[in-house]
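Structure first, then comments.
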Amino acid sequence: MPDWEAIVREHGPAVFRTAWRVTRNAQDAEDVAQEVLLELFRSPAHHAAPCGGLLQRMAVLRAIDRLRRRRSALGLDDVRERTAGFSPEEEAIGNELAERLHDGLARLSPREAAVFCFRYFEDLPYEQIAAALSISREAVAVALHKARARLRAFLLGEAVKGDRP
């Protein structure tokens, strides 16, 4: 039976990376990783080797939930260091766009948000996304199409039928 330290050592970095790609916030990613790993540790199934896809799915879904709860403005502590080569204006536009994208993700259905995150943040092919979410490849394609349309409309300030408030 693996102990807590072994679970954290073996799965912690991957779960944290997945959560960070969705939240873009280290503290949120740490909280998500801790929640996912604690759930794994407490589950009777932790005796067997957990499926990486299951842990990724749990991390993505929890990170999306965290985005939904977070919908607040950036504080001074959250301002990222400037990247070489970008002007302050370009950096501000990039930061604003990233925040709006994350706000838009929080407005998607859980399936659409998970599919979008797996595809664009984890760079998974449709087949792996389908396996991780226990849905068909066609359902992945439909959810991804809807997610992109809703995010595009949200980012452009347009209303889309079926949008969540």
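Residue numbers for the sequence shown follow our numbering, beginning at 678 and rising by one. Heads up, the beta-carbon is just placed ideally off N, CA and C, and yes, glycines get one too.
Query	Result
For Ala830, tell me which candidate among Leu782, Ala791, Leu801, Val817 has the shortest Cα-Cα distance.	Leu782
Just reading off the alpha helix (DSSP H) that Pro690 is part of, what are its end residues?	681–700
Suppose the cutoff is 8 Å on Cβ atoms and the five residues either side in sequence are ignored; what does the same chain contact list for Ile684 look like?	Leu714, Leu717, Phe718, His723
Cutting at 8 Å between CB atoms, please list the residues of its own chain near Ala824, excluding the five before and the five after it.	Leu785, Glu789, Ala790, Val792, Phe793
Are at least three pairs of beta-carbons, each pair with one atom in the segment 798–811 and one in the segment 764–771, less than 8 Å apart?	no
Grab me the residues of Leu753's own chain with a C-beta within less than 6 Å of its C-beta, minus the 5 sequence neighbours each way, in chain order.	Confidence at Leu753 is low in this model, with a pLDDT of 33, below 50, so the placement of that residue should be treated as unreliable; the coordinate-derived value is given next. Result list for Leu753: empty, nothing under 6 Å.
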